[in-house]
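K.L.:
This is the structure, below, for whatever I ask next.
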Amino acid sequence: MSQRDHPFHGPFGKPCPALFRSLESLVAGLLVGAALWGTAADIAPLVEPLRAVGPEGRGNAAAGPAWRQLSSQPPSTLPALLASMDGANDISANYLRSAAEVILQKGQAQGAAIPYAELESFLSETRHDRRARRFAYETILAHDPAAAAALLPGMLDDPAMELRRDAVGQLIDKAGKLQSGGSTNEAVALFQKALHHARDVDQIEAITAPLRKLGQSPDLASLFGWVRSWKVIGPFDNTKREGYDKAFPPEREIKLDGVYDGKGGKVHWGDLESRDDYGKVDVNLPLGKLKETIAYCYTEVRSERAQPAEIRLGCKNAWKVWFNGRLLFGRDEYHRNEEIDQYRLPVELQAGRNTLLVKLGQNEQVEEWTVEWEFRLRITDPLGTPLRSLKVGVPAPTTASTARP
Amino acid sequence: MISSLHTRLLLPWVALLPLVADANWTQFRGPDGNGTLAGATLPSSLPADGGVAWKASLPGRGLSCPVTVGDKVFVTCSSGPRQTRLHVLCFRASDGTKLWERTVLATGRTMCHEKTCVAAPSPTTDGERVFALYSSNDLVCFDLDGNLLWFRGLTHDYPNASNSLGMSSSLVVAEGVLLAQVENDTESFAAGIDVRTGVNLWKLDRPKMANWCSPVVIRSAGRPTLFGLQSGKGLLAVEPKTGGTAWNYTEGASTVASSAVRAGVIYAPSHGITALEPGSPGQPPSQLWRSSQLRPGTPSPVVLEDRIYVMNDAGVLTAGELATGKRLWQLRLKGPFSSTPVAGANRLLAVNEKGLVQLVDLAKPEGEVVSEFDLGQTVLGTPSLTEGGVYIRSDAQLWKLRKP
Chain G
1 MSQRDHPFHG
11 PFGKPCPALF
21 RSLESLVAGL
31 LVGAALWGTA
41 ADIAPLVEPL
51 RAVGPEGRGN
61 AAAGPAWRQL
71 SSQPPSTLPA
81 LLASMDGAND
91 ISANYLRSAA
101 EVILQKGQAQ
111 GAAIPYAELE
121 SFLSETRHDR
131 RARRFAYETI
141 LAHDPAAAAA
151 LLPGMLDDPA
161 MELRRDAVGQ
171 LIDKAGKLQS
181 GGSTNEAVAL
191 FQKALHHARD
201 VDQIEAITAP
211 LRKLGQSPDL
221 ASLFGWVRSW
231 KVIGPFDNTK
241 REGYDKAFPP
251 EREIKLDGVY
261 DGKGGKVHWG
271 DLESRDDYGK
281 VDVNLPLGKL
291 KETIAYCYTE
301 VRSERAQPAE
311 IRLGCKNAWK
321 VWFNGRLLFG
331 RDEYHRNEEI
341 DQYRLPVELQ
351 AGRNTLLVKL
361 GQNEQVEEWT
371 VEWEFRLRIT
381 DPLGTPLRSL
391 KVGVPAPTTA
401 STARP
Chain Z
1 MISSLHTRLL
11 LPWVALLPLV
21 ADANWTQFRG
31 PDGNGTLAGA
41 TLPSSLPADG
51 GVAWKASLPG
61 RGLSCPVTVG
71 DKVFVTCSSG
81 PRQTRLHVLC
91 FRASDGTKLW
101 ERTVLATGRT
111 MCHEKTCVAA
121 PSPTTDGERV
131 FALYSSNDLV
141 CFDLDGNLLW
151 FRGLTHDYPN
161 ASNSLGMSSS
171 LVVAEGVLLA
181 QVENDTESFA
191 AGIDVRTGVN
201 LWKLDRPKMA
211 NWCSPVVIRS
221 AGRPTLFGLQ
231 SGKGLLAVEP
241 KTGGTAWNYT
251 EGASTVASSA
261 VRAGVIYAPS
271 HGITALEPGS
281 PGQPPSQLWR
291 SSQLRPGTPS
301 PVVLEDRIYV
311 MNDAGVLTAG
321 ELATGKRLWQ
331 LRLKGPFSST
341 PVAGANRLLA
351 VNEKGLVQLV
361 DLAKPEGEVV
371 SEFDLGQTVL
381 GTPSLTEGGV
391 YIRSDAQLWK
401 LRKP
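Sequences listed follow chains G and Z, in order. Heads up, the final residue of the first sequence is numbered 405 in my numbering, and it's a clean run with no missing numbers. Heads up, the final residue of the second sequence is numbered 404 in my numbering, and it's a clean run with no missing numbers.
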């Protein structure tokens with residue numbers, strides 16, 4: 001007797017003689033009927049508990065039995081299931097994607113028809129969830145690598161960054177082969193095309209290195225779109241790391257001609273311009289190699305229009321970031337690790353002037369690898385494309401003042 | 001002497017116990033958290049081929065150790081350009097057949113030092129479920145057949161809980177409560193989580209300092225079971241169901257090597273090794289001894305019979321007397337080491353970072369390496385020992401070394 005032949009099953013697939021003894025079995029009872037419908041249009045009752053999960057395990061108790069039923073659906077439901085990931089939070093998306101994974105695995109093991117054509121159609125619709133589209137792509141890739149490869153050139157501007165990455169990777173491979181074969185001009189053209197579409201740091205570096213060997217001079221700073229023009233003030237006291245949570249004057253007002261009591265004397269704002277290809281803003285340069293100190297860096301960003309953006313920060317010191325006077329996030333972690341785009345902070349740029357303040361903490365460690373007191377920051381669209389139309393920097397004369405940073 | 005001789009005369013890999021919960025390697029360093037498993041032995045020597053029963057390809061790296069339930073072996077991996085693919089795989093122990101594989105996507109930060117990886121914490125099992133935690137603080141629970149029971153994103157819930165070098169604290173489970181110890185410079189906590197639903201039963205603030213060591217379950221006859229949470233501050237013992245403090249040892253401890261437990265006594269990496277015996281409820285533990293001559297590096301201490309073994313990162317293995325902490329002998333193995341050895345019946349098996357398996361005869365007066373076998377792959381994860389063999393996970397494969 002198959003599972004479907006049983007009149008009712010408990011949440012763990014066993015016959016359930018005593019219905020509704022618990023919430024779990026009640027949920028399972030409500031769901032099993034939906035499971036038996038078996039068509040793509042009918043999975044909504046199974047999907048709903050998975051989309052309802054929230055923070056701290058909220059909804060897990062109902063989601064588990066629903067996942068069990070959902071993952072027993074036929075492969076024909078895959079496009080609808082993947083579509084149900086649209087707008088799902090990260091936790092829900094994992095439940096839903098995992099159910100799709102099991103449906104696919106079971107379908108393949110049983111020799112069932114996998115709806116590849118429908119999955120390709122789903123993949124082509126960029127409005128769908130990036131994770132769901134990636135799942136569709138990988139399903140096609142495993143089934144027919146040549147067909148998947150043929151899809152990649154159309155994904156060079158894909159909003160799903162993993163898909164775009166593979167598309168760029170394909171270009172890099174082709175360019176590399178051209179380079180190896182001595183077709184220099186063609187290789188340069190293809191590398192430059194790849195560079196135009198690349199958003200991942202490792203791919204950008206994988207492109208610029210051969211381009212340099214081919215006599216080209218890619219402008220890394222422009223490619224990344226670093227914010228390199230800053231005002232800096234400090235040091236303030238961070239003895240015992242207590243300055244991180246203390247609001248020094250720049251957190252109350254931005255008055256660029258102001259003079260304040262700092263650590264060891266009066267402090268005032270000065271200029272700090274980064275010349276680094278990788279956007280390093282080195283506070284040690286203007287302030288000296290100090291310990292147990294706080295510095296602030298301030299700049300302004302002018303946008304022609306209101307638009308969504310991301311502030312992307314790399315930093316191995318303690319930091320806080322305010323945008324238009326609102327604290328976005330902060331971490332008091334010192335000297336663990338740093339990389340480009342380590343933190344992504346979504347913001348809404350307003351038309352005209354926007355303010356950006358970075359608080360940077362240095363701690364008491366004296367090891368050689370704890371000298372750094374720096375960060376790197378860029379402003380991109382949500383996909384990582386630098387917003388090059390922005391005008392960054394504080395216009396002279398330095399009379400800017402805001403009620404809040 | 002009789003015991004030693006008896007052991008050497010026994011057939012290698014003697015399986016002494018039937019399949020019961022304790023016969024499973026349920027967590028990092030085994031069910032007792034000391035690198036041994038009751039009834040599980042190691043061979044007297046390794047054959048020329050290392051005794052490889054099978055090996056299976058893995059989809060990504062991992063520092064986590066395999067865990068076992070009956071004829072199933074579970075292992076975790078991470079893969080992808082940013083290690084955002086988090087895998088749990090289940091293999092049939094007898095022949096290495098992959099029974100199932102599940103993937104979830106990281107919701108927390110995956111950045112870590114290049115030596116480690118996102119699949120650094122070891123999974124655990126209560127015999128009905130397998131729980132997997134990753135450096136991104138994603139926590140997932142499957143039943144033994146691969147059905148997803150629940151999923152949590154602990155950094156999703158607590159956004160500053162992460163370490164830019166990576167997290168590695170492994171899970172433990174007792175009395176229906178799963179313990180996740182998530183400690184770092186910015187937002188540290190420990191959560192007691194309902195194994196059935198993944199919901200917090202309790203959550204404690206923990207010291208704001210990076211910590212890579214793992215908690216232990218402290219079990220002893222006649223006393224309530226406790227969780228032991230080690231950090232740079234010391235060792236906090238809490239009741240599994242409530243998170244209530246049972247006692248607190250505050251003299252500091254390692255943030256890398258983890259405590260070992262044997263018969264309710266905790267051998268904590270603190271000022272060398274400090275042996276702590278819990279006393280009355282609410283009272284601090286008694287210090288049985290402290291030895292500055294027993295200094296573990298990254299590998300955690302191993303307790304076997306009447307001895308304790310510690311190893312530094314370079315591979316110097318030190319044997320101590322369990323009752324007193326007196327140093328007995330030292331033996332240099334070929335390092336470097338990240339993983340903790342396993343031991344059984346006068347043998348200790350250690351795998352260095354290059355994948356060289358070294359079998360040590362602990363009955364020799366100064367210890368002696370009696371066999372070596374080169375896996376030829378990077379191994380940073382701790383092996384798992386069962387009655388049927390040893391499981392070793394490299395960066396690319398899961399290996400089973402059989403009994404001869």
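Here a beta-carbon is modelled for each residue, glycine too, at the ideal position from N, C-alpha and C.
Am I right that Phe191/G and Leu211/G are in contact with their C-beta atoms under 8 angstroms? What's the rounded C-beta distance?
P.N.:
5 angstroms
K.L.:
At a Cβ cut of 8 angstroms, what residues of the segment 301-325 of chain Z count as close to chain G, listed as they run along the chain?
P.N.:
Within the segment 301-325 of chain Z, no residue has a Cβ that lies closer than 8 angstroms to any Cβ of chain G.
K.L.:
Assuming Ala396/Z and Ser44/Z make a contact with CB atoms under 8 angstroms, what is their CB distance in whole Å?
P.N.:
Contact doesn't hold; Cβ gap of about 29 angstroms is too wide.
K.L.:
List, in chain order, every chain G residue whose beta-carbon is nearer than 7 angstroms to that of Thr197/Z.
P.N.:
Going along chain G in sequence order, the residues near Thr197/Z (Cβ under 7 angstroms) are Gly57, Asn60 and Ala61.
K.L.:
Starting from Ser98/G, find everything on chain Z with Cβ-Cβ shorter than 7 angstroms and list it in chain order.
P.N.:
Arg102, Val104 and Leu148
K.L.:
For chain G, find out if any of its Cβ atoms is closer than 9 angstroms to the Cβ of Ser164/Z; answer yes or no.
P.N.:
yes
K.L.:
Is there a C-beta anywhere in chain G that falls below 9 angstroms from the one on Asn160/Z?
P.N.:
yes
K.L.:
Touching or not, the segment 65-73 of chain Z and the segment 354-366 of chain Z, by the rule of three or more beta carbon pairs under 8 angstroms?
P.N.:
no
K.L.:
With DSSP collapsed to three states, give me the class of Tyr309/Z.
P.N.:
strand
K.L.:
Going along chain G, which residues have a C-beta under 9 angstroms from Asp95/Z?
P.N.:
The contacting residues do not exist; Asp95/Z stays about 18 angstroms from chain G at best.
K.L.:
In angstroms with no decimal places, state the Cα-to-Cα distance between Ala132/Z and Arg102/Z.
P.N.:
11 angstroms
K.L.:
Shorter than 9 angstroms from the beta carbon of Lys241/Z to some beta carbon of chain G?
P.N.:
no
K.L.:
Is there at least one Cβ from chain Z nearer than 9 angstroms to Val47/G's Cβ?
P.N.:
no
K.L.:
Is any beta-carbon of chain Z found at less than 9 angstroms from that of Asn337/G?
P.N.:
Closer than 9 angstroms: yes.
K.L.:
Does Ser64/Z have its Cβ less than 9 angstroms from a Cβ in chain B?
P.N.:
The displayed structure is made up of protein chains G and Z, and chain B is not among them.
K.L.:
Which of helix, strand or coil does DSSP assign to Val47/G?
P.N.:
helix
K.L.:
Could you tell me which chain G residues have their CB closer than 7 angstroms to the CB of Asp157/Z, listed as they occur along the chain?
P.N.:
Pro55 and Glu56
K.L.:
For the segment 88-130 of chain Z, which segments carrying the beta strand (DSSP E) assignment without a break, of at least 3 residues, lie completely within its bounds, in sequence order?
P.N.:
98-105
K.L.:
Starting from the beta carbon of Ile91/G, find every residue of chain Z whose beta carbon is closer than 8 angstroms, and list them in chain order.
P.N.:
Thr107, Phe151, Arg152, Gly153 and His156
K.L.:
Please name the residues in the segment 330-356 of chain Z whose beta-carbon is closer than 7 angstroms to at least one beta-carbon of chain G, in chain order.
P.N.:
none
K.L.:
Is it buried or exposed, Gly264/G, if we count other Cβ atoms within 10 angstroms and call 16 or more buried?
P.N.:
exposed
K.L.:
Please report the straight-line C-alpha distance between Gly393/G and Gly169/G, rounded to a whole angstrom.
P.N.:
35 angstroms
K.L.:
To the nearest whole angstrom, what separates the beta carbons of Lys231/G and Asp282/G, a pair I think is in contact under 8 angstroms?
P.N.:
The Cβ separation is near 15 angstroms, so there is no contact.
K.L.:
Going by the CB atoms, is the gap between Glu118/G and Ala147/G shorter than 9 angstroms?
P.N.:
No. Outside cutoff.
K.L.:
Along the chain, where does the alpha helix (DSSP H) that runs through Pro284/G open and close?
P.N.:
Inspection of the sequence shows that residue 284/G is occupied by Asn rather than by Pro. Asn284 to Leu287 is the extent of the alpha helix (DSSP H) around Asn284/G.
K.L.:
Give me whichever residues DSSP pairs with Gly192/Z in a beta bridge.
P.N.:
Leu179/Z and Trp202/Z
K.L.:
In whole angstroms, what is the alpha-carbon distance linking Leu36/G and Leu82/G?
P.N.:
Confidence at Leu36/G is low in this model, with a pLDDT of 41, below 50, so its placement is unreliable and the value that follows should be read with caution. CA-CA distance, Leu36/G to Leu82/G, rounds to 19 angstroms.
K.L.:
Please name the residue in Gly389/Z, Thr155/Z and Val195/Z whose C-alpha comes closest to that of Ser164/Z.
P.N.:
Thr155/Z
K.L.:
Are there any heavy atoms of the ligand ZN lying less than 8 angstroms away from the beta-carbon of Glu353/Z, as far as the coordinates show?
P.N.:
Judged by which ligands are present, the structure shown has none, so any question about the ligand ZN falls away.
K.L.:
For Val238/Z, count the other beta carbons within 10 Å of its own beta carbon; 16 or more makes it buried, fewer makes it exposed. Which is it?
P.N.:
Looking at its Cβ environment, which holds 16 or more other Cβ atoms inside 10 Å, Val238/Z is buried.
K.L.:
Does the beta-carbon distance from Lys272/Z to Gln293/Z come in below 9 angstroms?
P.N.:
Here residue 272/Z is Gly; the residue named in the question, Lys, does not match the sequence. Yes, Cβ-Cβ distance for Gly272/Z and Gln293/Z is below 9 angstroms.
K.L.:
By the DSSP assignment, the beta strand (DSSP E) with Phe74/Z in it spans what residues?
P.N.:
Here the beta strand (DSSP E) through Phe74/Z covers Lys72 to Ser79.
K.L.:
Are Asp145/Z and Leu86/Z close, meaning C-beta to C-beta below 9 angstroms?
P.N.:
Result no, Cβ atoms of Asp145/Z and Leu86/Z do not sit closer than 9 angstroms.
K.L.:
Could you tell me whether the Cβ of Lys316/G comes closer than 9 angstroms to any Cβ of chain Z?
P.N.:
yes
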